[in-house]
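A.B. asks: Residue 869 is where the sequence shown ends in our numbering, and the numbering goes up by one at each step.
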Amino acid sequence: YEAFLQQHHLSVEKFGAYVQRHIGELQLQKFDKILHDYYTPEIFSIDIANRGFICGYLSESKLLEWDEIIIRLFTLSLPGDEKKENSFYAALNRNKDVREALDAELQKRFCVSFDLNGSVKMKQVAEAMMYNAITQSLALDQSDDYKRYKIENAIKLEAINKLLSYGLNQPKAKREKFIQALNRLSADIHIDEIVKVYGIDAKYFYMPDMLCGQIISRALETVASVDTEGIRERMQEMRMKQEYNDTLLPLINYVLILANFYELYNKIKTYVFDTPEKYISEYVSSMYLLDSWYRQSLEIYVNLQNDPENFNKVSNDKQMLDADYASFCHTLNREWTKCWLEKGGRQDGLGVKKQQDVYKNESNNGVKQVFIVSDALRYEVAAELYTELAKEKHVAQLDYAVSMLPTETKYTKCALLPHRTLSLQNGEMAVDGEVLRTIEQRTNHLEKYVAGALCIDYADWEKKTLEEKRELCKRQLIYIFHNTIDKDGHDGGAYELTRACTTAISQLSKLIKNLHSSVNVTNVILTSDHGFLYNDIEFEEKDKQAVQEDTIERKTRYYLTSSKDGIVNVDKFYLRDVSEMKEDVIVAVPSGTNRFNAPGGGYSFTHGGASLQEMIIPVIRSRQKRTDKTEKVGVTLISRDLKMVSSRLKIQIIQSEPVSMTMQERTLLCGVYANGELVTTMKEVKLDSSDSVNPANRIYDIELTLNKSANTNIMQLRIYDKDDTSFLNPLIKESVRNNTIIEQDF
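This is the structure:
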């Protein structure tokens, strides 16, 4: 051992006795490999040597810090590692110095230690960690069965938080093993008992899955009837803490959607307005969001079916939401058609643009244009698409028009082509006297108005090479017909429909971007032939309204007839008043959102009627713009009196403006500095919300965790624009009080 000390220039006085006791192991290759680089007088310590031995016993090839060691000891308890665990503790038992060092470190941090003689060695450590991670911000209740674990010391709590943060920020596989081990070892800390003592609404510091599940369950029970803003804030906080939790995030997002839905739903005081124009303006300004949130909730719900426990959590709320959404749609549209008929029931009396005038209104012979007609692209889906387009360099505008009746593809799609007359011909609509069933017929028709013009299916367009697309786009005018939503909506249930809407948004966003950037099209106009109604409920025979008069044609949402007789719960319009077809025919639609009993008709996904969801079609104009947007969205710090508590700073910021065609997104870098040195992780936050209706959806929760010693009472929060690589001009500087006072031993 003397030769070893001399060889490594280590002090006999400091290390002689220790090295003498362990010379046999220190000379082994596996320990030498770990400690070799630390054998210098300035670096080597008994602590390093003890950690080196532990790492060797754990079969690690490098020296780990105590946080890493403790996490490895947790995960060592998982099934499958029994041999490694037995081998480790056998080796630890033979090395008194290392055993006592580990015991001292655990006692210092958790006030408990491992149990060398127990069957689960790290049980008490995990229990102390879990309990204090959850309850540290709560005043102790003497009825708490776990109060023996309560730690009040700030240094110890910070050490626990640092360890927890380290474990939760590992790569996915390691993070999942850490969480699994911590939950398994601390299983006797019953979340139910903690909640009984402190209540479900207590400000718990760490929220494991089981606690999150209880909070989510409580939110689901109350979201329709209590303060939705409080629920939203709780879910946003939980989402921040569970940002890597693939199981819980869908549930959290589901509750957030419900909170958004019921906040607006509960604010609606009346469905009775004075004019048809008021119904349309109310719908396109806010009410369409209920359609969007309902669809988004279904998208999450159908994907929960492979997770029975969480699926069951939301099933009751799903039924409630189905009923409330159906009530909203039915009541709104019953009053809307009633008002419209009272004011004459004419399309040109609505004071808004008409579907059949889209080409006339949008055509521009001076530039190359592409018209995209997306079948069943409902206004709310187009609004979501518009938020995606807002992130691009080109400039777009979202507008709307009111469709013809019936809102059925064979009548409304070809009305979007240039034309002189539209007429009813043997149950179909003729354009300039000809029924245009095929792409070839539509192309021939289009060429009569613009030489060389072309109609093409989206699927065929996508099969073309870039060069072929460029060649096609030498033409002055192209119509691309897109059919993702209507096809999948008719073919399937909620899964197929919601997936189709998401797919359509992605397809159309990419298509518009590529038309501008790759094939040099100046103007793109996107519109739809009609929208749709969708309710994810079973329509029994008793729910289908019988048709008891002669019809020319009958579908679930309309029938054509020559009868002018009044029918209960049926609204009738003259075809000539709600389209350009002049025939003396009546269009009958069921009141509100009722469905007619029709042969072969779909009932959950349907269109053809006069609801706002079916009639209000989007018109998106997108034009190429070669210059980038120069102005970014602003940011404002909401939180005041900032305090670093238990190694963490929580703040809220708000994105001042929505991302739009004039305002581009901004990426922030947020960190806390002490004496000019960064002492937390640098958090990246992207401000990319395009929500112009609810500013609460532009609020971001940020949590910054100390990862270095900060021996100062006053620190500073700095928020930079990521593009400012100089780091000289922070957007926000704010003092932060360090409530820890005592320097933490990192």
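The beta-carbon is built from N, C-alpha and C at its ideal position, and this holds for glycine as well.
Quick check on the DSSP output: what are the complete alpha helix (DSSP H) runs of length 4 or more inside the region 709 to 753, in order along the chain?
C.D. replies: Those alpha helix (DSSP H) runs which fall completely within the region 709 to 753 and span 4+ residues are 735 to 738.
A.B. asks: So, using beta-carbon positions, are Ser309 and Glu250 closer together than 8 Å?
C.D. replies: Against the sequence shown, residue 309 aligns to sequence position 186. Against the sequence shown, residue 250 aligns to sequence position 127. For Ser309 and Glu250, yes; Cβs fall inside 8 Å.
A.B. asks: For Gln247 and Ser812, I'd like the C-alpha separation in whole angstroms.
C.D. replies: Here the question's residue 247 lines up with position 124 in the sequence shown. Here the question's residue 812 lines up with position 689 in the sequence shown. Their backbone Cα atoms lie some 45 Å apart in a straight line.
A.B. asks: Using a Cβ-Cβ cut-off of 7 Å (strictly less than) and excluding sequence neighbours within five positions of Ile312, which residues of its own chain qualify?
C.D. replies: Within the sequence shown, the letter at position 189 stands for residue 312. Excluding sequence neighbours, Ile312 sits near Glu250, Met253, Tyr254 and Tyr269.
A.B. asks: Per the contact definition of three or more C-beta pairs closer than 8 Å, is the region 430 to 449 in contact with the region 343 to 363?
C.D. replies: Taking 8 Å as the limit for Cβ pairs, the verdict is that the region 430 to 449 does touch the region 343 to 363.
A.B. asks: Does Ala797 come out as helix, strand or coil in the three-state DSSP assignment?
C.D. replies: Working through the sequence shown from its first residue, we reach residue 797 at position 674. Strand at Ala797.
A.B. asks: Going along the chain, which residues of its own chain have a beta-carbon closer than 6 Å to the beta-carbon of His132, five neighbours each way excluded?
C.D. replies: Walking along the sequence shown from the start, residue 132 turns up at place 9. Same-chain partners within the cutoff: Pro164.
A.B. asks: Going by the CB atoms, is the gap between Leu381 and Leu444 shorter than 8 Å?
C.D. replies: Here residue 444 is taken as the residue at index 321 of the sequence shown, counted from 1. Here residue 381 is taken as the residue at index 258 of the sequence shown, counted from 1. Result yes, Cβ atoms of Leu444 and Leu381 sit closer than 8 Å.
A.B. asks: What are the residues that DSSP puts in a beta bridge with Leu656?
C.D. replies: On the sequence shown, position 533 is the one that residue 656 refers to. Paired residues: Thr729.
A.B. asks: Taking 8 Å as the cut-off, decide whether the C-beta atoms of Tyr843 and Gln775 are in contact.
C.D. replies: By one-based count along the sequence shown, residue 843 stands at place 720. By one-based count along the sequence shown, residue 775 stands at place 652. No.
A.B. asks: As a quick exercise: from Tyr180, Ala256, Ser486 and Asp238, pick the residue whose alpha carbon is nearest that of Val221.
C.D. replies: Here residue 221 refers to the residue found at position 98 of the sequence shown. The shortest C-alpha separation from Val221 is found at Tyr180.
A.B. asks: Relative to the C-alpha of Asp160, which candidate in Gln303, Tyr141 and Ser184 has its C-alpha closest?
C.D. replies: Here residue 160 refers to the residue found at position 37 of the sequence shown. Here the closest residue by C-alpha is Ser184.
A.B. asks: Could you tell me which whole alpha helix (DSSP H) segments of length 4 or greater appear in the region 305 to 350?
C.D. replies: Those alpha helix (DSSP H) runs which fall completely within the region 305 to 350 and span 4+ residues are 314 to 321 and 332 to 345.
A.B. asks: Helix or strand or just coil, what does DSSP make of Ala553?
C.D. replies: Numbered from 1 along the sequence shown, position 430 holds the residue referred to as residue 553. DSSP places Ala553 in strand when its eight states are reduced to three.
A.B. asks: Starting from the C-beta of Asn456, find all residues in its chain whose C-beta is less than 7 Å away, skip the five residues before and the five after it, and write them out in chain order.
C.D. replies: Walking along the sequence shown from the start, residue 456 turns up at place 333. These residues qualify, in order along the chain: Gly715, Thr716, Ser734 and Leu735.
A.B. asks: Counting Cβ pairs closer than 8 Å, one from the region 788 to 807 and one from the region 830 to 840, do we hit at least three?
C.D. replies: Yes, since at least three Cβ pairs between the region 788 to 807 and the region 830 to 840 fall closer than 8 Å, the two stretches touch.
A.B. asks: Looking only at C-alpha atoms, which of Leu547, Asn488, Lys636 and Ile192 sits nearest to Glu676?
C.D. replies: Translated into the one-based positions of the sequence shown, residue 676 becomes position 553. Ranking the options by Cα distance to Glu676, first place goes to Leu547.
A.B. asks: Excluding the 5 residues flanking Tyr482 on each side, which residues of the same chain have their C-beta closer than 6 Å to its C-beta?
C.D. replies: Residue mapping note: residue 482 aligns to position 359 of the sequence shown, counting from 1. Only Pro541 meet the Cβ criterion.
A.B. asks: With DSSP as the reference, label Gly194 as helix, strand or coil.
C.D. replies: Your numbering for residue 194 matches position 71 in the sequence shown. Before going on, a small fix: residue 194 reads as Ile here, not Gly. In this structure, Ile194 counts as helix in the three-state DSSP scheme.
A.B. asks: Classify Gln130 as buried or exposed, calling it buried when 16 or more other Cβ atoms lie within 10 Å of its own Cβ.
C.D. replies: Looking up residue 130 in the sequence shown gives position 7. Classification for Gln130: exposed.
A.B. asks: Can you give the beta carbon distance from Val320 to Ser266, rounded, assuming they're within the 8 Å contact cut?
C.D. replies: Within the sequence shown, the letter at position 197 stands for residue 320. Within the sequence shown, the letter at position 143 stands for residue 266. Val320 to Ser266, Cβ: 6 Å. Contact.
A.B. asks: Could you tell me which whole alpha helix (DSSP H) segments of length 4 or greater appear in the region 179 to 260?
C.D. replies: List check, alpha helix (DSSP H) in window: 189 to 198, 205 to 217, 219 to 233 and 246 to 258.
A.B. asks: Which word fits Leu854, buried or exposed, when buried means at least 16 other C-beta atoms lie within 10 angstroms of its C-beta?
C.D. replies: Position 731 of the sequence shown, counting from 1, holds the residue named residue 854. Per the 10 Å Cβ criterion, buried.
A.B. asks: How should Met704 be labelled, buried or exposed, when 16 other C-beta atoms within 10 angstroms of its C-beta is the threshold for buried?
C.D. replies: Within the sequence shown, residue 704 is the residue found at index 581, counting from 1. Result: buried.
A.B. asks: For Lys533, tell me which candidate among Met358, Val558 and Glu432 has the shortest Cα-Cα distance.
C.D. replies: On the sequence shown, residue 533 is found 410 positions in, with the first residue counted as 1. Of the candidates Met358, Val558 and Glu432, the one whose C-alpha sits nearest the C-alpha of Lys533 is Val558.
A.B. asks: Can you tell me the Cβ-Cβ gap for Val756 and Leu810, rounded? I've got them flagged as a contact below 8 Å.
C.D. replies: In the sequence shown, the residue the question calls residue 756 occupies position 633. In the sequence shown, the residue the question calls residue 810 occupies position 687. About 5 Å; that satisfies the 8 Å criterion.
A.B. asks: Can the beta-carbon of Ala553 be found closer than 8 Å to that of Ser745?
C.D. replies: Here the question's residue 553 lines up with position 430 in the sequence shown. Here the question's residue 745 lines up with position 622 in the sequence shown. Taking 8 Å as the Cβ cut-off, Ala553 and Ser745 do not qualify as a contacting pair.
A.B. asks: Could one say the Cβ of Ser236 lies closer than 8 Å to chain B's Cβ atoms, at least one of them?
C.D. replies: Going by chain labels, chain B is absent from the structure shown, which holds only one protein chain.
A.B. asks: Reducing DSSP to helix, strand and coil, say where Met786 ends up.
C.D. replies: In the sequence shown, residue 786 corresponds to position 663, counting from 1. Reduced to three states, the DSSP call for Met786 is coil.
A.B. asks: Could you say if the region 409 to 419 and the region 458 to 475 meet the contact criterion of at least three C-beta pairs nearer than 8 Å?
C.D. replies: Contact fails: fewer than three Cβ-Cβ distances are below 8 Å.
A.B. asks: So, are the CB atoms of Thr647 and Leu638 less than 8 Å apart?
C.D. replies: Counted from its first residue, the sequence shown places residue 647 at position 524. Counted from its first residue, the sequence shown places residue 638 at position 515. First, the amino acid is wrong: residue 647 is Val here, not Thr. Yes, the pair counts as a contact, with Cβ atoms nearer than the cut-off.
A.B. asks: Quick one: give me the first and last residue of the beta strand (DSSP E) that Glu676 is part of.
C.D. replies: On the sequence shown, residue 676 is found 553 positions in, with the first residue counted as 1. Unbroken beta strand (DSSP E) run through Glu676: Glu676 to Lys678.
A.B. asks: What are the boundary residues of the alpha helix (DSSP H) that includes Cys452?
C.D. replies: Here residue 452 refers to the residue found at position 329 when the sequence shown is read from its first residue. From DSSP, the alpha helix (DSSP H) with Cys452 extends over Pro431 to Glu465.
A.B. asks: So, at 6 Å on beta carbons, what are the nonlocal neighbours of Lys636 in its own chain, with the 5 sequence-adjacent residues on each side left out?
C.D. replies: Position 513 of the sequence shown holds residue 636. Only Glu515 meet the Cβ criterion.
A.B. asks: Taking the beta carbon of Glu866 as the centre, do at least 16 other beta carbons fall within 10 Å, making it buried, or is it exposed?
C.D. replies: As a working note, residue 866 is residue 743 in the sequence shown. A caution first: Glu866 carries a pLDDT of 38, below 50, which makes its placement in the model unreliable, though a value can still be read off. Result: exposed.
A.B. asks: Would you mind sorting Lys125 into buried or exposed? The rule is 16 or more other CB atoms within 10 Å of its CB.
C.D. replies: Taking the sequence shown and counting its residues from 1, the one referred to as residue 125 is at position 2. According to the sequence displayed, residue 125 carries Glu and not Lys. Classification for Glu125: exposed.
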